[in-house]
Ligand SMILES: [Zn+2]
């Protein structure tokens, strides 16, 4: 059985490989690069792209609103299929497909900026929505923090991804290239080059992947975090300060 980490990677790899413009649209993701942040006080419109039922929509938005206790931003649910909305969500994907682009990079996308395949009955639903909206507000993966030092077993991860996709992809060279890109952009640490807002590494962050021991060398593993951590809150307060925070 494919776990959710590999399922999401496989989904992104398929998108890359099957996109006619894959070579042109490939972008590196970066932890907390300030250019992806929205403006403090901004209202972000949220639109669903596929006939999601009202209760499902409201639950996603209500869950996402937990971030607004710490970030000076506003969410506004607008009509379905609004291509002008800053956050555009699909829910008609497989249950283990959940992802979002980073912050205002959504403005460069022509289709959805986020996918939430998790069902309301999934015990991980709230954590998944919080994680994806963390991305939508500009946070990248905490496990890619320059000081995370996770001993990923790339020799094990590469064949796992390749095995799933090898039969359906003709261009094996392109597949290998896409797998390396996926590992670099979703798993490995980003450089500490001074362009990012970096708070100390936090294993409790909602932005940290669950890490299975079978994907690492040795005994390193991390459980799935369920709630916004203290560091996550601090990150949002720093990036999206409320005016009274600045005065007090
Ligand atoms: Zn993520």
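In the working numbering, the protein residues as written are 11 to 258. By construction, the Cβ of each residue, glycine as well, lies at the ideal position given by its N, Cα and C atoms. This one's a predicted model, so the numbers in the text were calculated from it and none came from an experiment.
message: Strictly by DSSP, which residues pair up with residue 126?
response: Reading the chain shown from its first residue, position 116 is the one you call residue 126. Bridge partners of residue 126: 108.
- request: Return the chain-ordered list of same chain residues with a C-beta closer than 8 Å to the C-beta of residue 186, the five sequence neighbours on each side being excluded.
  value: For the purposes of this step, residue 186 is taken as residue 176 along the chain shown, with counting starting at 1. The answer, listed in chain order, is 172.
message: Can you list, in chain order, the residues of its chain with a C-beta nearer than 7 Å to that of residue 228? Leave out the 5 residues immediately preceding and following it.
response: Within the chain shown, residue 228 is the residue found at index 218, counting from 1. Once the five neighbours on either side are set aside, the close Cβ partners of residue 228 are 161.
field: Cβ pair count under 8 Å reaching 3, the region 233–252 against the region 78–97
entry: yes
message: Determine whether the beta carbon atoms of residue 220 and residue 233 lie at a separation below 8 Å.
response: The residue labelled residue 220 in the question sits at position 210 within the chain shown. The residue labelled residue 233 in the question sits at position 223 within the chain shown. Against a cut-off of 8 Å, the Cβ pair of residue 233 and residue 220 comes out as a contact.
- request: For residue 145, verify whether its CB is less than 7 Å away from any heavy atom of ligand 1.
  value: Within the chain shown, numbered from 1, the residue matching residue 145 stands at position 135. For ligand 1, at least one heavy atom lies less than 7 Å from the Cβ of residue 145.
- request: Let me know if residue 117 comes out buried or exposed under the rule of 16 or more other beta-carbons within 10 Å of its beta-carbon.
  value: Position 107 of the chain shown, counted from the first residue, corresponds to residue 117. Per the 10 Å Cβ criterion, exposed.
task: Report yes or no: do three or more beta-carbon pairs, one from the region 96–105 and one from the region 150–165, lie closer than 8 Å?
output: no
query: Who are the Cβ neighbours of residue 139 in its own chain at under 7 Å, not counting the five residues just before and after it?
result: Here residue 139 corresponds to residue number 129 of the chain shown, with the count starting at 1. Excluding residues within five positions, the ones whose Cβ falls inside 7 Å are 70, 73, 74 and 126.
message: Please classify residue 26 as buried or exposed, where buried requires at least 16 neighbouring CB atoms within 10 angstroms.
response: Within the chain shown, residue 26 is the residue found at index 16, counting from 1. Burial call: buried.
task: Using the DSSP secondary-structure output, state which residues sit across from residue 87 in a beta bridge.
output: The residue given as residue 87 occupies position 77 in the chain shown. For residue 87, which the question treats as bridged, DSSP gives the partners 56.
- request: Evaluate residue 93 with the Cβ neighbour count: other Cβ atoms within 10 Å of its Cβ, from every protein chain shown; 16 or more gives buried, anything less gives exposed.
  value: If you number the chain shown from 1, residue 93 lands on position 83. By the 10 Å Cβ count, residue 93 comes out exposed.
query: What is the DSSP secondary structure of residue 226, reduced to helix, strand or coil?
result: Residue mapping note: residue 226 aligns to position 216 of the chain shown, counting from 1. Strand, per DSSP.
Closest residue to residue 64 among 54, 50 and 90 (Cα-Cα distance): Within the chain shown, numbered from 1, the residue matching residue 64 stands at position 54. Looking at the Cα atoms, 90 is the closest of the given residues.
query: Would you report the Cα separation of residue 133 and residue 216, rounded to the nearest angstrom?
result: Position 123 of the chain shown, counted from the start, is the residue given in the question as residue 133. Position 206 of the chain shown, counted from the start, is the residue given in the question as residue 216. Whole-angstrom Cα-Cα distance: 15 Å.
Beta strand (DSSP E) segment containing residue 98, residue limits: For the purposes of this step, residue 98 is taken as the residue at position 88 of the chain shown. First-last of the beta strand (DSSP E) with residue 98: 97–100.
Spatial neighbours of residue 17 in its chain, beta-carbon cut-off 6 Å, leaving aside the 5 residues before and after: The sequence position of residue 17 within the chain shown is 7, counting from 1. Cβ within range, chain order: 106.
- request: Would you check whether ligand 1 has a heavy atom nearer than 7 Å to the C-beta of residue 66?
  value: Walking along the chain shown from the start, residue 66 turns up at place 56. Checking every heavy atom of ligand 1 against the Cβ of residue 66, none is found closer than 7 Å.
query: Is the closest heavy atom of ligand 1 to the C-beta of residue 225 under 7 Å?
result: Residue mapping note: residue 225 aligns to position 215 of the chain shown, counting from 1. Answer for residue 225: no, Cβ out of range of ligand 1.
- prompt: In three-state DSSP terms, what is residue 260?
  reply: Limits of the chain in this structure are 11 at one end and 258 at the other, which puts residue 260 out of reach.
- prompt: Cβ of residue 1 within 7 Å of any heavy atom in ligand 1?
  reply: No answer is possible for residue 1: the residues shown for the chain start at 11 and end at 258.
field: Member of 244, 249 and 57 whose CA lies at the smallest distance from the CA of residue 124
entry: Numbered from 1 along the chain shown, position 114 holds the residue referred to as residue 124. Considering only alpha carbons, the answer is 57.
- prompt: Does the Cβ of residue 155 lie closer than 7 Å to at least one heavy atom of ligand 1?
  reply: Stepping through the chain shown from its first residue, residue 155 is reached at position 145. Residue 155 Cβ: outside cutoff for every heavy atom of ligand 1.
task: Rounded to whole angstroms, what's the CA-CA distance from residue 192 to residue 22? Just pull it up for me.
output: The sequence position of residue 192 within the chain shown is 182, counting from 1. The sequence position of residue 22 within the chain shown is 12, counting from 1. Each residue's alpha carbon lies about 8 Å from the other.
message: Given 7 Å as the limit, tell me if residue 151 has its C-beta closer than that to any heavy atom belonging to ligand 1.
response: Here residue 151 corresponds to residue number 141 of the chain shown, with the count starting at 1. Indeed, a heavy atom of ligand 1 lies less than 7 Å from the Cβ.
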